[in-house]
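Before any comments, here is the structure.
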Amino acid sequence: MIYRIEIGLKPGVPDARGRGVIGRAKSALGMKIKGCQTRDVYKVDADIKRAQAKAIQMGFADAVVARSALGRLKAPGSFDWMLEIGFKPGVTDNVGRTARGAMADILGRELAWEEQVYTSLQYFLKGDLTREDVLHLGKDLLANTLIQTIQVFSKEEWLTAEPDLTAPVFDDHPEIKVNVIELPDNDAALMKISSDGILSLSLEEMRVIRSHYLSDAVKAHRAELGMPVWPTDVELECIAQTWSEHCSHKVFAGTIEYKDAETGKEEIINSLYKTYVKASTKKVAGKIDWLVSVFTDNAGVIKFNEDLHLVYKVETHNSPSALDPFGGSMTGIVGVNRDPMGTGMGAQLVSNVWGYCLGSPFYDKEIPSGLMHPRRIRDGVHDGVIAGGNESGIPWSRGFECFDERYLGKPLVYCGTMGTLPVNVGGRPSERKEVQVGDWTVMCGGRIGKDGIHGATFSSEELRTESPAQAVQIGDPLTQRKLYEFLMEARDLGLYRCITDNGAGGISCSFGEMGKYSGGCECELKDAPLKYEGLQPWEILVSEAQERMTLAVQPECRSAFEALARKRDVEVSFMGTYNDSGYFTVKYDGKVVASLDMDFLYETGCPKLHMKGVWKKPEIPAPEKAKGGNRTKQLRQMMGRLNICSREYKSRIYDGEVKGLSVVKPFVGVNADVPSDATVMRVEYNKDRGAILAEGINPWFSDLDTYHMTASVIDEAIRRVISVGGRLDRIAILDNFCWPDPVQSPKTPDGEYKMAQLVRSNKALYDYTIAFGTPAVSGKDSCKNDSTRGGKKISIPPTLLISSIGQIDDVKKAVTMPLKEAGSLIYMVGATKNELGASEWNRMLAEEQGNPWNYGGDVPVVDAEAALAIYRAMNKAQDEGILLSSHTPSKGGLAVGLALICMGGGLSADIDLSKVPMVGKRKLKDDEILFSESNSRFVVSVKPGNFARFEELFAGLPVAQIGTVTAEKNLIVKGVKGATRIDTDIESLRKPFKKTLYGI
Amino acid sequence: MKPKILIITGYGVNCEAESSRAWELAGAEPVRVHLNDLLDRPVQMRGFQGLMFIGGFSYGDHMTSGHVFALRVKHHLREELQKFIDDQKIILGVCNGFQTMTKIGLLPGLNGEYFEPKVSLMQNDCGHFQNFWVNLKFDAKSPCIFTKGFDTMPLPVRHGEGKIFTTDKTVIEQIESLGCAAARYADAAGNPTKEFPANPNGSLNAIAGLCDPTGRIFGLMPHPEAYLFPENHPNWDVQKLNGTLSAQGLGLKFFENGVRYLKG
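Protein chains in written order, with the numbering used here: chain P, 1 to 1000; chain G, 10001 to 10264.
And the structure:
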């Protein structure tokens, strides 16, 4: 029996949620709504009597401010339209799940599996609106029709309609069967099988699979098990997931013929990953003693102190976020939480980071059909990561946004998590992974549904119109939090032997990966808990339903493990055992439905890609020089530009202080409103040693040369750590490559150039991680960031995020960027060069001149040797405590850097550009000094009395006093010839800086 | 003897580490007990002198914050809670814990009624979660044992539903006349304010924290357990230079007051 409960606020109680709808409709859709009252609807599907339903109704409502009814709650006195938004069948309904638990408590009994609660939201709207307006509001602001339903009623219709008592039950009961798929000797037929099944397997791969099944050994193995000759759908799906670009990184593993057309040099590169990423880390590893586990596990592990290691991972979740920004990004953050959780013996989670590359929220040109407006994507992505992070109790510490219209097709959504791992767990090194024959194969956490089926194969493709909606998962932070606490408890009690996360590919990947440690695995799909009936065996195997971890549990620990899980309300299923058969074998109801040779599946099977890359330096014109000489107006304008302005409004919705360990927060300064160079946090309550997180990203430099882009973002990620006081000898980095499809093909005619960009980026990664001694300890690549929706191809610019993790011996010595004291001196550390290429200044000029892409010029380069000498001296100066402040300029160059340190400190800077240390063939002009985004530089302030020591420490380096700090709250800059270039009070800088994205 | 403090964990509350640390630093012995374990054996509450409902997102804040956690506690722990109160023990709630306490009815606990909700903590006027530091002004005449001797204090807020609200004017009048409004949001000068952002949620009478008329039961939205280190303060870098950096985080004082009360 289904009962309907409606809950609304009492008269006189303000409806903040309704007011929010009015505000968002106005700002995002330009729609004027006069009034909006919201109500919560619960449809309770349970075997209960009316009196019990009444008790549930009373229990669900907050009697102080709300009124409720069983059935229909009296409509508000005045409204014109009623919009109701609910979930489609089978979509995760987190509130419904909680309400179900509350119902069990009110009824005082356990519920049957079918007894469920379904939620929806009502909006009673007032205003001069048409039915189309209300539908528009529903479709384009409040709901995502991929996963939600929309109903619109006029006032008359609502008042006469019978209450809706239908529940969105997933009620599909197809015949459960395993299909055998014959692979014919026909290219077209093979490709049809691949594309119809969203397998994303290439013809070459289909051919390899076909030959594999025709080999004698495979035939014999299958005959022995009584299996058909050809693969089952379970097997083909499992291979497709494992070999997907998302899981097996074929672009980074493939062979590349690379030609540098500038030098004429040609070379063959056997795997970018092995040649550059892994090789550089190996080389650095020989010189340092603090790498614990790199590249082999779900996250990188480095030493912190005698008790703890640090664990760090950054992921992307681009494709799901394009389809459902909220659900996709929430899955991104709770998904990356599971990486440290599944690293070594399982890490404790300490801090989250996020970063998004998006189209402008103010984009006013036509959006290709099938794509969402970037503002909507941005709102959804923020909301999803906010909900996921806040509800998990993990503070954020870094966040960034890059805006460019080339991200319209695919937004980039980076989420990362830093954690700690005890050096030893149960008396053995915590990073060691082992599984013994006979250990149980255990899945724990959430149930399996159709959500996330084909996530891995889908994200390995461009975004097409027919991209599957079911590829979207919705996270459930509460279920994961329960799972996480349970696992930490189980870990410390020694109740499992090994752990990994369930991400892309679901258990088809995680069971097999764990099976690699023992040499084989067998599981029974019938033992997996399902969200609803009707799932085919292959769907159970590849579903990417969230909040699940995979474990190996020792036989003797099973009962204790299960008992603890029951007490912590966490579902666990013992689905099979690990063995050393060499096969990944899957049963359904006792019958073998898959048995795959693990060597073929993971090591030898997947054919290597052969790709070509040709590098030719692009010719991008530089903008014309700016007229006049005073830059006060331009600086104020620049402070408000989208890629410079404050991100504080959205950032304040994230919880940055849970755990109470923060030291240098994301925002610093007397008003806590300017971004810090890096964040510093304690990781333990009883120690002053700290961790530091920062990042570097600059997709615009990629347009000129990805080699120098890469060098620059590595340098930025490192120098940010140095700026706050991090030790140079303890910095590790993570690389996240997001690239447009770099494989030459008819739909990617410029693939060879994009591949060359990728090669050059990798070469720089190799050169600079070695030069700086900052190894890459973990990374990820995503190489299909293109969209063809609406018939328009949009490719992202090559984007490399470098995330850095540093350490500081004593957090109390951390240095922040704002100016601190009138009377102190401002020094510039590091040389400025004429490097305006792709700078914020050139991009601003190019836009003003009507040629927005003409932002060429010399791209900033990195002189690692010179940088190292500066970083060592900075470390000494900070250790001696002689720096009052330190800031490293990045986007917007010295000019923006000066503005920020003045705003942060609420103090004045008097600057003389003629003193700025420079390198170049000729003397630099004022605009070049102000706006070049040269690397490896700092603007520091030093207390009177420490000048001599400061200059001693930096002797021989490009360092000079460029100004003084005074109390007036102005920024005054004189040019090389003495003319005033900038003269402004700092509030005139702060205002545009804070205005652009405030409330957006 | 160190007083024993019960910290209830599980189902999405998440400030157990810093809350435990706060009580430890204050000289108490905090013990974390999972809600399910407590519901299994409610009598274990008798071994404690203090109870803390910590911050977090119990049940994901679904069905309004603290609601479902409160429902469970009320269903299963009512008798033991009443005994806990009758035995003159202390109860502290922070953020989600405060929300839970109002939904149980523990606060404001007027007229000796601890299981009838009288006020609610509603969605912030700004419509969403906020995390920044606010200035609190304390009522010197309040019976609250946790805020004794306080004048003003900076603390971080991290909530989406922190607006104290009721349509019943007599409840607010009673709260005011009994000194139950122990903490209010104040401007830089220390004057209680309705203006955002100094008042982050639009709370009635700028109330940030409520105690019951005995002063032993107290809940507040800002997080004292997130200010145990002097370096938690957003301006610690300036304070360090001008000599105003405190030796310990000021939030610790709440917990020290609690322990002082228990030690008599």
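Idealized CB from N, CA, C, for every residue including glycine. In this text the structure is predicted, and so the values were computed from the model without any measurement.
When you compare the CB positions of residue i and residue j, do they come within less than 8 Å of one another, or not?
| i | j | result |
| --- | --- | --- |
| Asp-339(P) | Asn-298(P) | yes |
| Ile-796(P) | Pro-740(P) | yes |
| Val-234(P) | Tyr-213(P) | no |
| Val-311(P) | Ala-347(P) | yes |
| Met-10221(G) | His-10159(G) | yes |
| Thr-331(P) | Ile-474(P) | yes |
Compare the C-alpha of residue i against each of the options and name the closest.
| i | options | result |
| --- | --- | --- |
| Tyr-602(P) | Met-918(P), Thr-996(P), Gly-512(P) | Gly-512(P) |
| Thr-10214(G) | Ile-10145(G), Leu-10136(G), Arg-10041(G) | Ile-10145(G) |
| Ala-10188(G) | Asp-10212(G), Leu-10136(G), Asn-10242(G) | Leu-10136(G) |
| Pro-621(P) | Leu-953(P), Asp-703(P), Arg-432(P) | Asp-703(P) |
| Ser-936(P) | Gly-830(P), Glu-987(P), Phe-486(P), Lys-876(P) | Gly-830(P) |
| Asn-10235(G) | Ile-644(P), Trp-290(P), Val-663(P), Gly-773(P) | Val-663(P) |
| Val-1003(P) | Tyr-3(P), Ile-929(P), Arg-497(P), Phe-295(P) | Only positions 1 to 1000 of chain P appear in this structure, which leaves residue 1003(P) out of reach. |
| Glu-10231(G) | Lys-126(P), Met-681(P), Leu-609(P) | Met-681(P) |
| Met-341(P) | Ile-85(P), Pro-422(P), Lys-265(P), Val-668(P) | Pro-422(P) |
| Met-10045(G) | Glu-10016(G), Gly-10055(G), Arg-10078(G) | Arg-10078(G) |
| Ala-814(P) | Arg-10032(G), Lys-10240(G), Gly-10162(G) | Lys-10240(G) |
| Gly-108(P) | Pro-368(P), Phe-87(P), Val-413(P), Gly-59(P) | Gly-59(P) |
| Ser-914(P) | Gly-963(P), Ser-712(P), Gly-370(P) | Gly-963(P) |
Under a CB-based cut-off of 8 Å, is residue i close to chain P?
| i | result |
| --- | --- |
| Gly-10219(G) | no |
| Cys-10180(G) | no |
| Leu-10252(G) | no |
| Asn-9946(G) | Nothing in the structure corresponds to residue 9946(G), since chain G is present only between 10001 and 10264. |
| Ser-10120(G) | yes |
| Val-10134(G) | no |
| Gly-10162(G) | no |
At which residues does the alpha helix (DSSP H) containing residue i begin and terminate?
| i | result |
| --- | --- |
| His-10034(G) | No alpha helix (DSSP H) contains His-10034(G), which is instead part of the beta strand (DSSP E) from 10029 to 10034. |
| Met-918(P) | Counting along the chain, Met-918(P) falls outside any alpha helix (DSSP H), and DSSP gives it neither H nor E. |
| Phe-737(P) | Not the alpha helix (DSSP H): Phe-737(P) falls in the beta strand (DSSP E), residues 732 to 738. |
| Val-381(P) | 374 to 392 |
| Trp-700(P) | 699 to 702 |
| Glu-489(P) | 477 to 492 |
Is there a Cβ of chain G sitting closer than 8 Å to that of residue i, yes or no?
| i | result |
| --- | --- |
| Ser-662(P) | yes |
| Thr-98(P) | yes |
| Ile-692(P) | no |
| Gly-656(P) | yes |
| Glu-391(P) | yes |
| Asp-45(P) | no |
| Gly-59(P) | yes |
| Arg-949(P) | no |
| Glu-821(P) | yes |
| Pro-477(P) | yes |
| Arg-398(P) | no |
| Arg-481(P) | yes |
| Ser-467(P) | Low local confidence applies: a pLDDT of 47 at Ser-467(P) is under 50, so the model's placement there is unreliable, and no value is given. |
| Lys-567(P) | yes |
| Thr-984(P) | no |
| Glu-485(P) | yes |
| Asp-128(P) | no |
What residue range does the beta strand (DSSP E) around residue i cover?
| i | result |
| --- | --- |
| Arg-447(P) | Per DSSP, Arg-447(P) belongs to no beta strand (DSSP E) and is neither H nor E. |
State the beta-bridge partners of residue i as determined by DSSP.
| i | result |
| --- | --- |
| Asp-781(P) | Phe-737(P) |
| Gly-8(P) | Arg-39(P), Arg-67(P) |
| Met-611(P) | Ile-256(P) |
| Asp-501(P) | Met-549(P) |
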